[in-house]
Structure formats: structure tokens, C-alpha cells
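Numbering (our numbering), first residue to last: 2 to 178. To start, the structure under review is shown below, and the notes come after it.
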Amino acid sequence: MKTTSKIKKTKKVKYKLPFNIFGILNEPATTYRKELFRHKNIILFQGDVLNENLFDKEFIDLIVTSPPYNVDLKYNSHKDDLTYEDYLEFSNKWISNCYKWSKPQARFLLNCPLDKNKGGQQSVGADLTTIAKKIGWKYHSTIIWNEGNISRRTAWGSWLSASAPFVIAPVELIIVL
Numbered sequence: 002m003k004t005t006s007k008i009k010k011t012k013k014v015k016y017k018l019p020f021n022i023f024g025i026l027n028e029p030a031t032t033y034r035k036e037l038f039r040h041k042n043i044i045l046f047q048g049d050v051l052n053e054n055l056f057d058k059e060f061i062d063l064i065v066t067s068p069p070y071n072v073d074l075k076y077n078s079h080k081d082d083l084t085y086e087d088y089l090e091f092s093n094k095w096i097s098n099c100y101k102w103s104k105p106q107a108r109f110l111l112n113c114p115l116d117k118n119k120g121g122q123q124s125v126g127a128d129l130t131t132i133a134k135k136i137g138w139k140y141h142s143t144i145i146w147n148e149g150n151i152s153r154r155t156a157w158g159s160w161l162s163a164s165a166p167f168v169i170a171p172v173e174l175i176i177v178l
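Right, here's the structure in full:
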């Protein structure tokens with residue numbers, strides 16, 4: 002008995018890009034930004050958000066980001082142990098660029114720590130929200146993301162000193178602007 006199987010050829014679908022008054026869908030990649038993914042009218046870019054020339058027009062509908070937390074992690078491209086003032090200045094620059102490239106009705110979802118203890122106690126989430134609002138983003142809501150993976154809730158500021166513990170929040174924020 003002879004069996005034959007037919008292999009069905011799949012037709013490669015080429016999406017017709019929609020008319021786009023912002024033109025970014027039809028622009029080629031540049032030396033300072035790389036297109037990583039494209040599906041219909043969704044494009045994922047990789048580039049340096051501090052480069053003001055990364056994009057030259059408002060075209061973004063949604064930004065979802067988790068920037069460096071400034072807790073001395075080793076990145077290839079970013080110094081992650083800035084003074085807190087320098088970290089806020091760095092954040093002001095990249096949040097400003099995101100605002101500049103976004104459509105007026107765009108949403109900005111910023112995943113950041115509630116606060117930090119390393120290098121001194123700071124209210125990171127509140128400070129980044131304030132910066133974003135000063136730039137022009139409109140605050141909508143805050144989502145509390147309970148990670149559930151922190152093994153301890155406190156750390157002693159000095160050896161077993163009950164008067165100086167650091168509370169470790171087991172949550173991160175997703176600020177909706």
C-alpha cells in the first residue's frame with residue numbers, strides 16, 4: 002500500500018500598511034534606531050531614548066516601559082548608580098522625549114519602584130509621577146503590582162536597631178499617564 006501526503010503550502014501574508022498621517026510606518030530604519038518587530042500597524046523599535054532625534058514627529062499611541070531603577074545593576078549602556086538628583090534629571094530627559102514623540106491622546110505606562118532604600122530612602126514613584134506631570138503627561142491611575150517574591154519585608158539600618166529599620170515594599174507601580 003502506497004501512501005502519499007500532501008504538504009499544504011501556506012501563503013505568506015503581506016500586510017498592507019494603513020494610511021498613516023504620521024508616516025513612521027513607512028520610514029526605513031536608521032543608524033540610531035532599529036526596528037525589532039512589525040505586525041500590521043504595530044512596530045517595536047530599539048534605540049536610545051535620550052537621543053532627541055530618534056523620531057521627528059508625534060506618532061506613538063502607547064508607551065509601556067520599565068526604566069533602570071538606579072540600584073547599581075550592571076547594564077551595557079547605562080550607569081545605574083547615579084546620585085538621586087542625576088537619576089531624576091536622566092528621567093526628566095527620557096520622559097520628555099517620550100512625550101514629544103507621542104500623539105496628544107497617547108497613554109504612557111511607567112513601571113517603577115514605589116520607593117528605594119539603596120543609597121538613601123527616596124519616593125521614586127511619586128517623584129517620577131511629578132516629573133511626568135510637569136512635562137505634560139496627564140495622570141490617570143496607579144496600578145499596584147504585588148510581585149509576591151520578596152523574601153523579607155524589613156532590613157536593619159544598623160545592626161538590629163529597632164529604631165532604624167528600612168521597610169521593603171513587595172510591590173512595584175505601574176503609573177498610567
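Where is the CB? At the ideal position from N, CA and C, for every residue including glycine.
Bridge partners for residue 45 per DSSP, in chain order? 38
Per the contact definition of three or more C-beta pairs closer than 8 Å, is the region 97-113 in contact with the region 128-139? yes
Return the CA-CA distance between residue 145 and residue 49, expressed in angstroms with no decimal places. 28 Å
For the beta strand (DSSP E) that contains residue 144, what are its first and last residues? Looking at the DSSP string, the run of the beta strand (DSSP E) that includes residue 144 is 142-147.
What ranges does the alpha helix (DSSP H) occupy inside the region 68-144, keeping only unbroken runs of at least 4 residues that lie completely in it? 85-102 and 125-136
Identify, in the order they occur along the chain, each residue of the same chain with its Cβ nearer than 7 Å to the Cβ of residue 180, setting aside the five sequence neighbours on each side. Beyond the ends of the chain as shown, which are 2 and 178, falls residue 180; an answer cannot be given.
For residue 67, which residues from the same chain have a beta carbon less than 6 Å from its beta carbon, with the 5 sequence-adjacent residues on both sides left out? 112
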